[in-house]
Amino acid sequence: MQRDFLLQLLAVLLSCLSAAALFEDQVGKFDWLIQHLGPIKWSRFLNVNGKSQLIFASEVALALANSQDGSIIWRKVFEEQDGDISKIFLFDGNSNIATLHEKRQLYRVFDCLTGNMRQELSLVPETGALETITDTAVSRKQPGNVMVVSKTSMRAISFDETSSWTYPLSVDSDDFVSRKIRVNEAEKTVDVVSLYNSGVSVMSFELAGGDKLEDIRRNFEFSQDSCNVEGDFIVCLADDSLKFLKLDGLSGKKSTNFVSSKLGFKISSVESVFGDLFLVHFKESTATTLVELSETKTETIKHFENFVSYNELSVPYATNGALFAFLHSEKDSLTVTAINCEAKTEMFSNALKVRIHEKHGNPLLVAAATGKSSGRPDKVFITAEDQKTFMIGISSNGQNSILWTKDESLSQVIDVEMCDLNLSEAMITLEADFEFATRAKTTLFEMFYRRFSSHISQFVGFAMKTYDQIANQQLFKECAADKDELVRDSFNVNKMLIVLSGNGKLSGILSASGKIMWSLWFRDMTFKKSISGQVGSFLFVQRGTDNYKFEPKAVLVGQNKVSGNVAIIYFNPLSGQVIESSLDTGYKALQVISIPEVVTDDNLKSFAFLMEDRSLKLYPDTPANVNRFDRIFSKALFVVLTASNERIAGVQFDKVGTGKELWSHSLGIDHEVYGIYSMREGELVDSPGKVQSDQTVLFKYLNPNLVFVVLSPKQKEVGDSAQSGNDAKFQFEFSLIDSVSGETVFATTMRRVSDIHVVHSENWVVFSVWNDKSRRTELTVIELYESGKDSERNSTHFSSFANSSAPLVLRQSYIYPAFVKSLATTYSEKGLTNKQVILGTASGALVPIPKHLLDPRRSLTSKAAAREEGMIPYHPVISLPLEMNINYNQSIALIRGSVAFPGGLESTVLLFNYGLDIFFTQVFPSEMFDVLSADFEFWIIGAVCSALFIGSLITKKLSSYYALKKAWK
Amino acid sequence: MKMSLPEYTIWLFISALATIVTAYASTGVQSSTPVNSGYTIDGRALMPGIPASDWVSTAKVNVNGDAYQGFFRSDGTFTVSNVPSGSYIVEIVSTKFLFPPVRVDITSKGKKRARKLDLISPNVVDEDFYPLKIKALGPAVYLKKREQFRVQDALMNPMVLMVVLPFILMMVIPKLINTDDPERKQEMQETMSMFNTNQNQLPDMAEMFTNLFGAGSNQPGKKQVGGASSGSASSAKTKARKPVSK
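Chains as they are written, first to last, in this note's numbering: chain R, -14 to 954; chain C, 256 to 501.
1) Please identify the residue among 424/R, 618/R, 655/R, 903/R whose C-alpha is closest to the C-alpha of residue 830/R.
2) Less than 7 Å between the beta carbons of residue 872/R and residue 883/R, yes or no?
3) I need the straight-line Cα distance from residue 702/R to residue 497/R, nearest angstrom please.
4) Would the stretch 366 to 377 of chain R and the stretch 339 to 351 of chain R be scored as touching if the rule is three or more Cβ pairs under 8 Å?
5) Is residue 502/R closer than 7 Å to residue 491/R when the C-beta atoms are compared?
6) Name the chain C residues that come within less than 8 Å of residue 63/R, Cβ to Cβ?
7) Who are the Cβ neighbours of residue 1007/R in its own chain at under 7 Å, not counting the five residues just before and after it?
8) Taking contact to mean at least 3 C-beta pairs separated by less than 8 Å, is the stretch 857 to 865 of chain R in contact with the stretch 831 to 844 of chain R?
9) Between residue 453/R and residue 418/R, what straight-line distance do the alpha-carbon atoms span, to the nearest angstrom?
10) Does the separation of the CB atoms of residue 230/R and residue 243/R fall below 7 Å?
11) For residue 667/R, collect the residues of the same chain with a Cβ closer than 8 Å to its Cβ; drop the 5 residues on either side in sequence, then sort them by chain order.
12) By the criterion of Cβ-Cβ separation under 7 Å, what are the contact partners of residue 320/C in chain R?
13) Where DSSP assigns a beta bridge to residue 386/R, which residues make up the other side?
14) With respect to 6 Å, is the separation between the Cβ of residue 26/R and the closest non-hydrogen atom of the ligand NAP below this value?
15) Identify, in the order they occur along the chain, each residue of the same chain with its Cβ nearer than 6 Å to the Cβ of residue 944/R, setting aside the five sequence neighbours on each side.
16) Name the two residues that bound the continuous beta strand (DSSP E) containing residue 191/R.
17) Report the three-state DSSP secondary structure of residue 437/C (helix, strand or coil).
18) Looking at the C-beta of residue 377/C, does it have a partner C-beta in chain R at a distance below 7 Å?
19) What residue range is occupied by the uninterrupted beta strand (DSSP E) comprising residue 257/R?
20) Leaving out the 5 sequence neighbours to the left and right, which residues in its chain are closer than 7 Å to residue 878/R when beta-carbon positions are compared?
21) Residues of chain C with CB under 9 Å from residue 800/R, in chain order?
22) Kindly indicate which three-state DSSP category residue 11/R falls into: helix, strand or coil?
23) May I have the straight-line CA-CA distance separating residue 711/R from residue 670/R, to the nearest angstrom?
24) Quick check: is the beta carbon of residue 505/R nearer than 7 Å to any beta carbon in chain C?
25) Mind checking whether residue 310/R and residue 326/R have CB atoms under 7 Å apart?
26) On the DSSP bridge assignment, give the partners of residue 761/R in chain order.
27) For residue 143/R versus residue 154/R, is the C-beta distance shorter than 7 Å?
28) Please classify residue 425/C: is it buried, with 16 or more other beta-carbons within 10 angstroms of its beta-carbon, or exposed?
29) Counting only the same chain and skipping the five closest in sequence on each side, list residues whose C-beta sits under 8 Å from that of residue 490/C.
30) Run down chain C in chain order and give the residues with a C-beta less than 8 Å from the C-beta of residue 873/R.
31) Pull out every residue of the stretch 91 to 103 of chain R whose Cβ sits closer than 8 Å to any Cβ of chain C, in chain order.
32) Let me know if residue 926/R comes out buried or exposed under the rule of 16 or more other beta-carbons within 10 Å of its beta-carbon.
33) Pick from 825/R, 811/R, 826/R: whose alpha carbon is nearest that of residue 819/R?
34) Short check: CB of residue 277/R to CB of residue 261/R, under 7 Å?
35) Taking the alpha-carbon positions, what's the residue 715/R to residue 739/R distance?
36) Quick one: which chain C residues come within Cβ less than 8 Å of residue 8/R?
Below is the structure:
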């Protein structure tokens, strides 16, 4: 019985799913993936097999990239939570690279060439008690030896356990500040420098065995604000002079004193570069000086007027001395100067003709590589303040060009919008014709004339284009440039993606090619979830391209970083031009609300801010538009949902101005809002009901005012955890609330769950939870149907007040065998195409689950009635074939969300996914029913037709000949 | 089974203890602050026939989603470090091969055991080998192969067979039967007329088309030959000339 059931299930599944996979030749046809690392914190060039490659890292990822084209050779992405890389060590010979994760207390060594792990070390002491690490160091010669110092101990941790050692440290006096480690490679010793407010103590150990060699304590006035240990020196800043003392001087028999040196400007900080060389940064200026500290004096090596950054210069061949590259700007062009820090001589400098300042902010980080033959830098890698990276190639004669760029800010996408491209000329004439025809005084003859003339002009246009193509010998060849043109394709599938990143970067990406067409950077803006409202967003397209008479217009809403006031930017979503911007409007707002119902005469959709005093500020705020709002909402109800830590409330407005609270729900002291999820604005639902097997219709409860509210228990202190036993405090609450009437339609609770993702569409809600008790991901679907009689409902306009009967709530849960990281659903042009729920998993896969698998009416037993309806019998585990994966083998690292947009074709859904990487694709939830399939072969049908035609001609001849012959018999 | 009262209480106590222990084991992470967060999960993944160095650079080990991660060494072994006591799901994420997930329990004293992952009944313990040894289920297939045009396939297609077989019957069988036999002919004509009584009234498509195409080639020479281009005419002529030829 069980087996029959499973077989049946399998058969149904196979029949409906088998066709969903991509074909081998469709790889990359509909999709593109851009891999990122996040904001780059560290970079260096490496000599890999004779080529200089770039090894770089952000806080969460480490990668090796081809320095010629920027393609990633290997990449390691670390834990999203507390996985941050604190330090990176590149070992001699450049074959090993180590990452140190202080929060996780992990040390990982990777092979630079393959990216495979060599060793992993836990920095947690054997006693098991976690200690706060104050400083770490490694022996440059030996990758497998980490030195960790904390307040209570000094430990050397090695892969080879016999050479690990621990030395307990004590705090001499209660004015302890911190500890530092210095490794002396030459003498194979390690020094622990403990800083106190009253002095310094230095303990030396033998690197191999951990034998204590000496312990010196020296008392002097040591203020932790101005003094620090940098390299081999204790450096103190005193206004415009530098006081320093070499640590080695402490251990010597003769006691040395601090050396004071006046530098003329107020010093802000001091940085150790190499050996005795230090960079001194000054206050109130961008100037920086490279100085050499000796036991008695300072000596200036080089003074930079506008210093940017420095890095070790990678040299692919053996050379004497340590080369460092310093990036500084001179007369707004960047210059790279290489200095041999061992010989203390300037090697060369090279001006880069790259303008970064205006658009991308200050360059932050640089890595440079020297060419094999010349010994001059041939590649420079720069990261700008807006997180864009540039690889600049320098030829031997000093000419330079940008080899490739990448925008790492796209690893922090927070909002996405989509805008149609411009109508093509032919479409515009068609639109104009329609407009002409609908005008009042148009005679039949005029219309005919217009139609005829437009046909003629179209034909002429086509003929001209064909002639041009023939003349240029480009007939039937698709121009590469066409793909990037901002004109709609005939199916309107290629659109402009407007992507907002967390650092204020706005990018326009063409969906067909993944090419970044424009980018804007608003460095003074921040985007807090509160301003977008619990259900809103930061981006609105106010006017699309459908009306060809007006330019498209979009709005970006955020807050000013400094004042916290509302900032509004109007821009053209296709060209990326800022139309109007006010970075500080002078007022604060609770949330922004889009009001697509109120449209101005020039086709602009309105939006409004809910102010702190519960009043409404409408945009555009022309009197005519305010009137329009008042007129529309004097009859209908305009309700804004506000959520704070204590309560959720509905505020009603019947005109612009102050609103009044309609209803409110208290959250209680133990709960806070986890998320509020509404269905998408203006979502189209094609069929209002489902026909059951007994011919009755189950009508969908389509309430646009319904919101799904998730309340989470408040984050408690670590001390009072679940052991207190009061479980009510630790449960999540899920409820469906009508935002107009405040009525709770449905409510449920769940205990010991986490990582909740929700999608709300049509008459259903699907949410996923990680069930900590059963150790599995559970998907729950809630569907709502009308329970009243058909006659009671108004099919065109839903009213939250008129509907008296509570809806029928059906629900069902399933097990999903993966960790869900994002949940979304597909939207199509007319709402006719089947729905899919798109799951993003922790392993980076995107899985579409057909909505009919998440149907609460799936029955446990295989009933005849259910079979007649085509319903799949219930099975607790939803497992789908690997072929269904939307992104096949291109996994998306640290996936955070997916957004679907309807394509111009009913069958096509455009899906944008973001995480550390961004991935775009087209999905076809009901297959491509409205266009010929990709494997439709025109030549076969052409050949068959012509063969039939020729065959009929031949047989005609033959038959007449045969008939004649027969007649003569 | 009969039990004395003290025995019964002891039994009750033990079973209660067991339930508490299992409950604790399954909720270890949340229930208390981790005393020791330095446990490791060790293991090895293998795909028979393929050296580990070929595929491990793109693979990694996920423990409870991406909460803890381990990376592969070139020999296919891995270590996930600093995992506090609790119960975990260990998955090997590879775009090339499919691996079964395993559940690993670490007690608060650091004792580890592996068991097969059973999502439907998570309390069932089906112990597995620890340190983990995870064998690939097979290569991961994401893409469908496009069907290629092959003559054999095209011929064996039922639609083609449906067309070709009657065609053969029509062409071959008349050859086998001697149509010149007048008696047979008579017989056949009779049977044909029985079938064709109704159909004769319908317009003949072939006739229509030949008329259409024939009209296009309006050559006087052809007409002289005897209007052979028109099917109906030719059949009329054959009838008319029959007696002559006899």
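Using N, Cα and C, we set each Cβ at its ideal position, and we do this for glycine too.
Computed from a prediction, not measured in an experiment: that's the story for all the values here.
With the structure as the only source:
1) Within the first sequence, residue 830/R is the residue found at index 845, counting from 1. Here the closest residue by C-alpha is 903/R.
2) The residue labelled residue 872/R in the question sits at position 887 within the first sequence. The residue labelled residue 883/R in the question sits at position 898 within the first sequence. Result no, Cβ atoms of residue 872/R and residue 883/R do not sit closer than 7 Å.
3) Taking the first sequence and counting its residues from 1, one reaches residue 702/R at position 717. Taking the first sequence and counting its residues from 1, one reaches residue 497/R at position 512. Low local confidence applies: a pLDDT of 46 at residue 702/R is under 50, so the model's placement there is unreliable, with the coordinate-based value given in what follows. Computed Cα separation, rounded: 49 Å.
4) yes
5) By one-based count along the first sequence, residue 491/R stands at place 506. By one-based count along the first sequence, residue 502/R stands at place 517. No.
6) Counted from its first residue, the first sequence places residue 63/R at position 78. Below the 8 Å Cβ cutoff, chain C contributes 324 as neighbours of residue 63/R, in chain order.
7) No statement about residue 1007/R is possible, as the shown extent of chain R runs from -14 to 954 and does not include it.
8) yes
9) Within the first sequence, residue 453/R is the residue found at index 468, counting from 1. Within the first sequence, residue 418/R is the residue found at index 433, counting from 1. Their Cα atoms are separated by approximately 27 Å.
10) Position 245 of the first sequence, counted from the first residue, corresponds to residue 230/R. Position 258 of the first sequence, counted from the first residue, corresponds to residue 243/R. For residue 230/R and residue 243/R, yes; Cβs fall inside 7 Å.
11) Taking the first residue of the first sequence as position 1, residue 667/R is located at position 682. These residues qualify, in order along the chain: 581.
12) Translated into positions along the second sequence, residue 320/C becomes position 65. Within 7 Å Cβ-Cβ: 804, 827.
13) Taking the first residue of the first sequence as position 1, residue 386/R is located at position 401. When DSSP reads this structure, residue 386/R sits in a beta bridge with 378/R.
14) In the structure shown, the ligand NAP is absent, as is every other ligand, since no ligand is present at all.
15) Stepping through the first sequence from its first residue, residue 944/R is reached at position 959. Correct list: empty, nothing qualifies.
16) Here residue 191/R corresponds to residue number 206 of the first sequence, with the count starting at 1. Per DSSP, residue 191/R belongs to the beta strand (DSSP E) from 184 to 191.
17) Taking the second sequence and counting its residues from 1, the one referred to as residue 437/C is at position 182. DSSP places residue 437/C in helix when its eight states are reduced to three.
18) Numbered from 1 along the second sequence, position 122 holds the residue referred to as residue 377/C. So, interface residue.
19) For this step, residue 257/R is matched to residue 272 along the first sequence. Its beta strand (DSSP E) spans residues 252 to 259.
20) As a position in the first sequence, residue 878/R is number 893, starting the count at 1. Once the five neighbours on either side are set aside, the close Cβ partners of residue 878/R are 62, 829, 900, 901, 902.
21) Stepping through the first sequence from its first residue, residue 800/R is reached at position 815. Within chain C, the residues near residue 800/R are 374, 375.
22) Here residue 11/R is taken as the residue at index 26 of the first sequence, counted from 1. In the structure shown, residue 11/R sits in a helix (DSSP, three-state: H, G or I).
23) Working through the first sequence from its first residue, we reach residue 711/R at position 726. Working through the first sequence from its first residue, we reach residue 670/R at position 685. Confidence at residue 711/R is low in this model, with a pLDDT of 47, below 50, so its placement is unreliable and the value that follows should be read with caution. The straight-line gap from Cα to Cα measures roughly 43 Å.
24) Sequence index remark: in the first sequence, residue 505/R carries index 520 (1-based). Using a Cβ-Cβ cut-off of 7 Å, residue 505/R does not count as an interface residue toward chain C, since no Cβ of chain C sits closer than that to its own.
25) The residue labelled residue 310/R in the question sits at position 325 within the first sequence. The residue labelled residue 326/R in the question sits at position 341 within the first sequence. Not in contact: residue 310/R and residue 326/R (Cβ atoms no closer than 7 Å).
26) Here the question's residue 761/R lines up with position 776 in the first sequence. In the DSSP output, where bridge partners are listed per residue, residue 761/R has 756/R.
27) For this step, residue 143/R is matched to residue 158 along the first sequence. For this step, residue 154/R is matched to residue 169 along the first sequence. No, these two residues do not count as a Cβ contact at 7 Å.
28) Here residue 425/C is taken as the residue at index 170 of the second sequence, counted from 1. Flag for residue 425/C reads exposed.
29) Position 235 of the second sequence holds residue 490/C. Residue placement at residue 490/C is flagged as unreliable, the pLDDT there being 42, under the threshold of 50; the coordinate-derived value follows with that caveat. No residues qualify anywhere along the chain.
30) Reading the first sequence from its first residue, position 888 is the one you call residue 873/R. The answer, in chain order, is 397, 398.
31) 91, 93, 95, 96, 99, 100, 101, 102, 103
32) For this step, residue 926/R is matched to residue 941 along the first sequence. Around the Cβ of residue 926/R, a 10 Å sphere holds fewer than 16 other Cβ atoms; the residue is exposed.
33) Here residue 819/R refers to the residue found at position 834 of the first sequence. Selected option, being the one with the closest Cα: 811/R.
34) In the first sequence, the residue the question calls residue 277/R occupies position 292. In the first sequence, the residue the question calls residue 261/R occupies position 276. Yes, these two residues count as a Cβ contact at 7 Å.
35) Within the first sequence, the letter at position 730 stands for residue 715/R. Within the first sequence, the letter at position 754 stands for residue 739/R. Roughly 10 Å separates the two Cα atoms.
36) Within the first sequence, numbered from 1, the residue matching residue 8/R stands at position 23. Result: 398, 399, 400, 401.
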